[in-house]
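Colleague: Here the sequence shown stands for residues 15 to 320, numbered as in the UniProt record's numbering. Glycine included, every Cβ here is placed at the ideal spot set by N, Cα and C. Note that this is a predicted model, so its numbers are computed, not measured. Following this message is one structure expressed as structure tokens.
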Amino acid sequence: LIHLLSTEGLSKDILTHILDTAANFVSVNDREVKKVPLLRGKSVFNLFFENSTRTRTTFEIAAKRLSADVFNLDIARSSASKGESLLDTIANLSAMAADIFVVRHSESGAPYLVAQHVAPHVHVVNAGDGRHAHPTQGLLDMYTIRHYKKDFSNLTVAIVGDVLHSRVARSDIHALTTLGAAEVRVVGPRTLVPTDLAQMGVRVFHTLEEGIRDADVIIMLRLQNERMNGALLPSSQEYFKAFGLTAEKLRLAKPDAIVMHPGPINRGVEIDSEVVDGPQAVILSQVSFGIAVRMAVMSIVAGNEA
Ligand code: CP
Numbered sequence: 015l016i017h018l019l020s021t022e023g024l025s026k027d028i029l030t031h032i033l034d035t036a037a038n039f040v041s042v043n044d045r046e047v048k049k050v051p052l053l054r055g056k057s058v059f060n061l062f063f064e065n066s067t068r069t070r071t072t073f074e075i076a077a078k079r080l081s082a083d084v085f086n087l088d089i090a091r092s093s094a095s096k097g098e099s100l101l102d103t104i105a106n107l108s109a110m111a112a113d114i115f116v117v118r119h120s121e122s123g124a125p126y127l128v129a130q131h132v133a134p135h136v137h138v139v140n141a142g143d144g145r146h147a148h149p150t151q152g153l154l155d156m157y158t159i160r161h162y163k164k165d166f167s168n169l170t171v172a173i174v175g176d177v178l179h180s181r182v183a184r185s186d187i188h189a190l191t192t193l194g195a196a197e198v199r200v201v202g203p204r205t206l207v208p209t210d211l212a213q214m215g216v217r218v219f220h221t222l223e224e225g226i227r228d229a230d231v232i233i234m235l236r237l238q239n240e241r242m243n244g245a246l247l248p249s250s251q252e253y254f255k256a257f258g259l260t261a262e263k264l265r266l267a268k269p270d271a272i273v274m275h276p277g278p279i280n281r282g283v284e285i286d287s288e289v290v291d292g293p294q295a296v297i298l299s300q301v302s303f304g305i306a307v308r309m310a311v312m313s314i315v316a317g318n319e320a
């Protein structure tokens, strides 16, 4: 694996290897990650052309725990605002001896373009491109599921909400089907669920109650208004009434079901506070596991594994 651009096309062996490598970075209390010298002398450039709280910060922490030097380009203050193209930006940062580019961009495919133009020794990790893919989120979601449920083969996983605009949903679906989840469901209003998902072996539901019934894992998604281009949408209240996950509705899932969310959450829109702060939510564990998973990805693409 030279670049990580998508979970699509990654074999079960590679996905499992990434999860196992991440597990090696996590200490006995399941959270703490020790500093290791695997990327000492390497430079990681975080290029976030779209906003981020979790992904940017955990990539920075992960790179530091691998002993790399980390540079966060402040895009708003960069010369991108003066018309410098993405590829010229990359060429100039490459001249500063970058080894890994972590790229988030609102345009689907931007990290692929970067990967086609970097030198052979430089690696690109997709940190979310448009509505296309968010592979490290998909991988940390798989890590979280494996942590709580041990094995994918008996699991029913429901992905609920604005699937149409969700790069997380796509990355999760590819990883879950490859890892052998028993049933992958998508649940949402007809306007927010793509029609091609049935071809991927995914079951489609248009009511929350049916979609989460007897599920082992529920992955909630927010309404991604920034990618809707002014489409006519239900109000937040209408949406919450139909697809918001409340404690009462959660009782339709298995009693030990876990509730996940990639964040940012919108309380009272797609999920009720009682669920976010309740015992079945593992949302903050996902964030913590993201550090080890991103360490695993960067050390594997750079060829400097433990
Ligand atoms: N899950 C996720 O990508 O969050 P951020 O947008 O805050 O990075």
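Hey, out of Asn86, Ala129, Arg181 and Ile314, whose CA is closest to Arg241's CA?
Modeller: Nearest C-alpha to Arg241: Arg181.
Colleague: Gly144: beta carbon under 7 Å from a heavy atom of the ligand CP?
Modeller: No, the beta carbon of Gly144 sits no closer than 7 Å to any heavy atom of the ligand CP.
Colleague: Would you say Ala124 reaches chain D, if we count a Cβ-Cβ gap shorter than 8 Å as a contact?
Modeller: Within the model displayed, chain D is absent; a lone protein chain is all it includes.
Colleague: Buried or exposed for Pro51, please, with buried defined as at least 16 other CB atoms from any protein chain shown within 10 angstroms of its CB.
Modeller: Exposed, because fewer than 16 other Cβ atoms sit within 10 Å of the Cβ of Pro51.
Colleague: Whole alpha helix (DSSP H) runs in the region 109–149 with 4 or more residues, listed along the chain?
Modeller: List check, alpha helix (DSSP H) in window: 124–131.
Colleague: Quick one: what's Ile272 bridged to in DSSP?
Modeller: Bridge partners of Ile272: Val231.
Colleague: With burial defined as no fewer than 16 other Cβ atoms inside 10 Å of the residue's Cβ, what is the status of Gly202: buried or exposed?
Modeller: So Gly202 counts as buried.
Colleague: To which residues of the same chain is Val301 closer than 6 Å at the C-beta, ignoring the five residues directly before and after it?
Modeller: Answer for Val301: Arg68, listed in chain order.
Colleague: When a residue counts only if its C-beta is closer than 7 Å to some heavy atom of the ligand CP, which residues count, in chain order?
Modeller: The answer, residue by residue, is Asn65, Ser66, Thr67, Arg68, Thr69, Arg70, Gly142, His148, Gln151, Val182, Pro276, Gly277 and Pro278.
Colleague: By the three-class DSSP mapping on this structure, what secondary structure does Leu100 have?
Modeller: Three-state result, Leu100: helix.
Colleague: Do the region 265–277 and the region 228–238 meet, that is, are 3 or more Cβ pairs less than 8 Å apart?
Modeller: Yes, the region 265–277 touches the region 228–238.
Colleague: If I measure Cβ to Cβ from Ile297 and keep anything under 8 Å in the same chain, skipping five residues before and after, which residues do I get?
Modeller: Correct list, in chain order: Val273, Met274, His275, Gly277, Ile279 and Val290.
Colleague: Do you know whose CA, among Ala109, Asp155 and Gly194, lies nearest Ala183's CA?
Modeller: Nearest C-alpha to Ala183: Asp155.
Colleague: Can you tell me where the beta strand (DSSP E) with Thr170 in it begins and where it stops?
Modeller: Unbroken beta strand (DSSP E) run through Thr170: Thr170 to Val174.
Colleague: What does a CB cutoff of less than 6 Å around Asp83 pick up in its chain, not counting 5 residues either side in sequence?
Modeller: So the list reads Ser57, once near-sequence residues are dropped.
Colleague: Give me the residue from Leu206, Val207, His179 and Val216 with the minimum Cα distance to Thr191.
Modeller: Thr191 has its Cα closest to that of Val216, out of Leu206, Val207, His179 and Val216.
Colleague: Decide if His135 is buried, meaning its Cβ has at least 16 other Cβ atoms within 10 Å, or exposed.
Modeller: So His135 counts as exposed.
Colleague: Between Ala133, Arg199 and Ala229, which lies nearest to Ile16 when the distance is taken from Cα to Cα?
Modeller: Cα-wise, what sits closest to Ile16 is Ala133.
Colleague: In terms of residues, what are the limits of the beta strand (DSSP E) holding Asn318?
Modeller: Taken as a continuous stretch (DSSP letters only), Asn318 belongs to no beta strand (DSSP E), as it is neither H nor E.
Colleague: Could you tell me which of Gly317, Val311 and Glu319 sits nearest to Ala76, measuring between CA atoms?
Modeller: Of the candidates Gly317, Val311 and Glu319, the one whose C-alpha sits nearest the C-alpha of Ala76 is Val311.
Colleague: Terminal residues of the continuous beta strand (DSSP E) containing Leu29?
Modeller: Looking at the DSSP string, Leu29 is not in any beta strand (DSSP E); the run it does join, the alpha helix (DSSP H), is Lys26 to Phe39.
Colleague: Output the boundary residues of the alpha helix (DSSP H) element that contains Phe166.
Modeller: Element bounds for Phe166: n/a, residue is neither H nor E.
Colleague: For Met110, which of Val307, Leu87 and Asn239 has the nearest alpha-carbon?
Modeller: Cα-wise, what sits closest to Met110 is Leu87.
Colleague: Considering Val218, what are the terminal residues of the beta strand (DSSP E) in which it resides?
Modeller: Where Val218 is concerned, the enclosing beta strand (DSSP E) stretches over Arg217 to Phe219.
Colleague: Just mark Asn140 as buried or exposed, buried being the case when its beta carbon has 16 or more other beta carbons within 10 Å.
Modeller: Classification of Asn140: buried, given that the 10 Å Cβ count is 16 or more.
Colleague: CB-CB under 8 Å to Glu64, same chain, minus the five flanking residues each way: which ones, in chain order?
Modeller: Arg118, His119, Ser120 and Gly142.
Colleague: Quick check on the burial criterion: 16 or more other C-beta atoms within 10 angstroms. Buried or exposed for residue 6?
Modeller: Residue 6 lies beyond the stretch modelled for the chain, which goes from 15 to 320, so this question has no answer here.
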